Each structure stands twice: as structure tokens, then as C-alpha cells.
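Everything below concerns the one structure shown next.
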Amino acid sequence: MPVNLKIDHHSPLPLHSQIEQLLRDLVQLKEYAKGAPLPKEVELANRLGVSRNTIRQATN
Numbered sequence: 045m046p047v048n049l050k051i052d053h054h055s056p057l058p059l060h061s062q063i064e065q066l067l068r069d070l071v072q073l074k075e076y077a078k079g080a081p082l083p084k085e086v087e088l089a090n091r092l093g094v095s096r097n098t099i100r101q102a103t104n
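The working numbering applies: residue 45 is where the sequence shown begins, and numbers increase by one.
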């Protein structure tokens, strides 16, 4: 996952909302064009320092 992923753990915006927007932004990149797989849930959770449940909430 070469893209620099960051969220603000101190933001008033919920983490799952920040992650949802981050994922939306990722699909706009050519690297994640239609049909390209996004990072795995566990990889996102580890990279962002959040639980897998937070990732699941962002993707539902």
C-alpha cells in the first residue's frame, strides 16, 4: 500500500467517517481504478491505528 494513509485521532469527525472519506479518495486514484482491490481490512486497521470494527463501520 504505497499511498500515505492518515487520519486525525483528535478530530471531532468520527474515525469511521474519516476512513470512509479516505477510501472514497483512494478509489479516485489511478492505482485503485475500477476492479483493483483495495487494501485488506486488517492492513487498513494496522496502518491507521484503529480496530477492525472501525474499518467495518466505515465500509458499511
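Ideal Cβ positions, reconstructed from N, Cα and C, are used throughout, including at glycine.
For clarity, every value in this text was computed on a predicted model and none was experimentally measured.
query: Cβ pair Ile63, Glu85 closer than 7 angstroms; result: no
query: Closest residue to His54 among Ala80, Asp69, Arg68 and Val94 (Cα-Cα distance); result: Val94
query: Rounded straight-line distance, which links the Cα of Leu82 to that of Leu92; result: 14 angstroms
query: Inter-residue Cα distance where the pair is Asn48 and Ala80; result: 18 angstroms
query: Proximal residues to Pro89 (C-beta, below 8 angstroms), its chain only, five neighbours per side dropped; result: Note on identity: in this sequence residue 89 is Ala, with Pro being the wrong assignment. Closer than 8 angstroms at the Cβ level, and outside the excluded window around Ala89, lie Ser95, Arg96, Thr98 and Ile99.
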